[in-house]
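> Per this note's numbering, the very first residue in the sequence shown carries number 23; after that it's consecutive.
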Amino acid sequence: MKLITILFLLLFITPEQNSHKGIDITVRNERRSIVYVAENTTDKDIDLFFRVASTGFRRSADRPMITTIPAKKKIDLIELIPLKGADTIHSYMAIVTEKDNSMIFKKSDSVVKQVRRVTPNGN
């Protein structure tokens, strides 16, 4: 009975934990590379923080990227080119932020610097 319960949990519950209701991330295998593709399935723009942890590839993909995915569009995120004769491992982390929840920062156009000059006493 425990085995059936564990199999049920693994088959039906685990795949839903890694998905977001508005974005689909897929991996496209090309002739000499692997491309991560993000598709926005909502009617709003979505901000995506995306990072790939990889070994055995020509380009270091460990640098994170922040991009906006337009509504109902599909874009290529990153292309990984494997090294010849190397074992390749790659996994990704994606954090989705809708525009309504994002923080807004205002950049000031002017910088005010106060300089205070102290004149020495002649003593």
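Glycine included, every Cβ here is placed at the ideal spot set by N, Cα and C.
(1) Using the Cβ count rule (16 or more neighbours within 10 Å means buried), how would you classify LEU102?
(2) Determine the contact status of LYS94 and ASN62, defining contact as a CB-CB distance below 8 Å.
(3) List the endpoints of the continuous beta strand (DSSP E) containing LEU70.
(4) Reducing DSSP to helix, strand and coil, say where ASP46 ends up.
(5) Secondary structure at ASN143, three-state DSSP: helix, strand or coil?
(6) Going by alpha carbons, who is nearest to SER113 out of TYR58, ALA75, LYS43, THR48?
(7) Between which two residues does the beta strand (DSSP E) holding LYS96 run?
(8) Whose CA, out of LYS43, GLY78, ASN51, lies closest to the CA of ASP98?
(9) Pull up the distance between the alpha-carbon of PRO104 and that of THR110, whole angstroms please.
(10) Going by DSSP, name the residue or residues bridged to ILE116.
(11) Give the DSSP bridge partners of ALA60, in chain order.
(12) Which residues in the same chain as ASN143 place their Cβ atom closer than 6 Å to its Cβ, once the five residues preceding and following it in sequence are excluded?
Let me spell this out:
(1) As a working mapping, residue 102 is identified with position 80 in the sequence shown. Classification of LEU102: buried, given that the 10 Å Cβ count is 16 or more.
(2) For the purposes of this step, residue 94 is identified with residue 72 of the sequence shown, where counting begins at 1. For the purposes of this step, residue 62 is identified with residue 40 of the sequence shown, where counting begins at 1. Their beta carbons are under 8 Å apart, which means LYS94 touches ASN62 by this criterion.
(3) The residue labelled residue 70 in the question sits at position 48 within the sequence shown. Looking at the DSSP string, the run of the beta strand (DSSP E) that includes LEU70 is 68-77.
(4) For the purposes of this step, residue 46 is taken as the residue at position 24 of the sequence shown. Strand, per DSSP.
(5) The sequence position of residue 143 within the sequence shown is 121, counting from 1. ASN143: coil per DSSP, three-state reduction.
(6) Walking along the sequence shown from the start, residue 113 turns up at place 91. Closest option to SER113, Cα to Cα, is ALA75.
(7) As a working note, residue 96 is residue 74 in the sequence shown. Counting along the chain, the beta strand (DSSP E) containing LYS96 begins and ends at 96-102.
(8) Residue numbering aside, residue 98 sits at position 76 when the sequence shown is read from its first letter. Ranking LYS43, GLY78, ASN51 by Cα distance to ASP98 puts ASN51 first.
(9) Residue mapping note: residue 104 aligns to position 82 of the sequence shown, counting from 1. Residue mapping note: residue 110 aligns to position 88 of the sequence shown, counting from 1. Approximately 7 Å between the Cα atoms of the pair.
(10) The residue labelled residue 116 in the question sits at position 94 within the sequence shown. For the sequence presented, residue 116 should be read as Ala rather than Ile. DSSP, once it has assigned bridges, lists PHE72 as partnering ALA116.
(11) Position 38 of the sequence shown, counting from 1, holds the residue named residue 60. According to DSSP, ALA60 bridges with ILE47, ILE97.
(12) Taking the sequence shown and counting its residues from 1, one reaches residue 143 at position 121. If we look at ASN143 and ignore the five residues flanking it on each side, it has no Cβ neighbours.
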